[in-house]
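Numbering (the UniProt record's numbering), first residue to last: 1 to 308.
Following: one structure in structure tokens, then a few remarks.
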């Protein structure tokens, strides 16, 4: 049963009967903020109770009273400073973590949010970033086209973004995004090996090298087609630590590209031979096949742009 409303008449009746008066409920919004967050020189007054709910960093710091303490009029206030951060980003994070908030992590803000959630040890925020990266960001970076196309500026941007996401997923232990990244490495090597210039392959190995727990994921993504026969963990570590793995993979990719060219040339010759003995109506079809093979082999920019 719902409690009756408190009115002046009710209070007067309680006083006459000698019963204790009703107390007002103290809610968090009725208290003054007790923590100051300084971001890029701008101060934000926050509630410690709220910060401790979503941040393991603040929970530990507030329990241990870690932070700059300011005493004013007999009251102590804890200050936490992030001098090199953007105040607008802090406001975004606070809005995201507020109760009943409609502010969400999305593909436009996920990388900025990820750096904050990682620094502040926010499991809920990291999980949200993991989902957005794996479901929205990474699928948009899938490379399309043939095996031997030259690298376009658009693809360079995609690859740089991919390497940034791979590094972030390893640094912040985003399990789903990490798994998708390693699957994409295998996809790229098979579908578009020319995307991985040697310098980017070296960058990829350098990123993974700092995370030994990911070595097995890398071996699985490369597969037997891009790896030498390795029998021990020591051999794998030797390849990684001495920058030998990138060289080996690059040689394997060049060998595959050369073999693909031989296959393409063979197909072209078959089309030419067929066209020479076919009726005139089928010659145009064979010419189109030959032109398609030439595009795959040399990738002139006007044809490459059309397919990408």
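Even for Gly, the Cβ is constructed at its ideal location relative to N, Cα and C.
Please read all numbers here as calculations on a predicted model, not as lab measurements.
Following the continuous beta strand (DSSP E) through residue i, name the residue where it begins and the one where it ends.
i, result
"residue 46", "42–46"
"residue 37", "35–39"
With 16 as the cutoff for other CB atoms within 10 Å, does residue i come out buried or exposed?
i, result
"residue 254", "exposed"
"residue 175", "exposed"
"residue 251", "exposed"
"residue 104", "exposed"
"residue 199", "exposed"
"residue 223", "exposed"
"residue 125", "buried"
"residue 55", "buried"
"residue 169", "buried"
"residue 233", "exposed"
"residue 190", "exposed"
"residue 100", "exposed"
"residue 130", "buried"
"residue 98", "exposed"
"residue 258", "exposed"
"residue 226", "buried"
"residue 31", "exposed"
"residue 22", "Unreliable placement is indicated for residue 22, whose pLDDT of 38 sits below 50; no coordinate value is reported for it."
In the DSSP assignment, the alpha helix (DSSP H) including residue i goes from what residue to what residue?
i, result
"residue 122", "No alpha helix (DSSP H) holds residue 122; DSSP gives it neither H nor E."
"residue 31", "Where residue 31 is concerned, there is no enclosing alpha helix (DSSP H), given that its DSSP letter is neither H nor E."
"residue 237", "233–241"
"residue 57", "56–63"
"residue 174", "Segment: none, residue 174 is in no alpha helix (DSSP H) and carries neither H nor E."
"residue 203", "198–209"
"residue 212", "Per DSSP, residue 212 belongs to no alpha helix (DSSP H) and is neither H nor E."
"residue 139", "No alpha helix (DSSP H) contains residue 139, which DSSP labels as neither H nor E."
"residue 96", "87–97"
Could you name the residues that DSSP lists as bridge partners for residue i?
i, result
"residue 248", "None; residue 248 has no bridge partner."
"residue 226", "DSSP lists no partner for residue 226."
"residue 319", "The question about residue 319 has no answer, for the chain in this structure spans 1 to 308."
When you compare each of the options to residue i by their alpha carbons, which one comes out closest?
i, options, result
"residue 213", "236, 160, 201 and 226", "236"
"residue 109", "121, 95 and 99", "95"
"residue 187", "139, 205 and 161", "139"
"residue 87", "199, 130, 37 and 165", "37"
"residue 154", "60, 165, 134 and 141", "141"
"residue 203", "216, 172 and 249", "249"
"residue 183", "234, 33, 157 and 218", "218"
"residue 89", "78, 80, 77 and 111", "111"
"residue 83", "42, 208, 172 and 225", "42"
"residue 137", "77, 50, 165 and 81", "165"
"residue 80", "39, 115 and 53", "39"
"residue 239", "85, 92, 220 and 215", "215"
"residue 76", "102, 107, 34 and 66", "34"
"residue 339", "220, 201, 65 and 115", "No answer is possible for residue 339: it lies beyond the span of the chain, which begins at 1 and ends at 308."
"residue 107", "116, 220, 128 and 64", "128"
"residue 85", "242, 53 and 116", "116"
Since residue i and residue j are thought to touch, with beta carbons under 8 Å apart, how far apart are those beta carbons, to the nearest angstrom?
i, j, result
"residue 118", "residue 172", "5 Å"
"residue 120", "residue 58", "7 Å"
"residue 205", "residue 246", "5 Å"
"residue 180", "residue 134", "5 Å"
"residue 113", "residue 93", "7 Å"
"residue 221", "residue 185", "4 Å"
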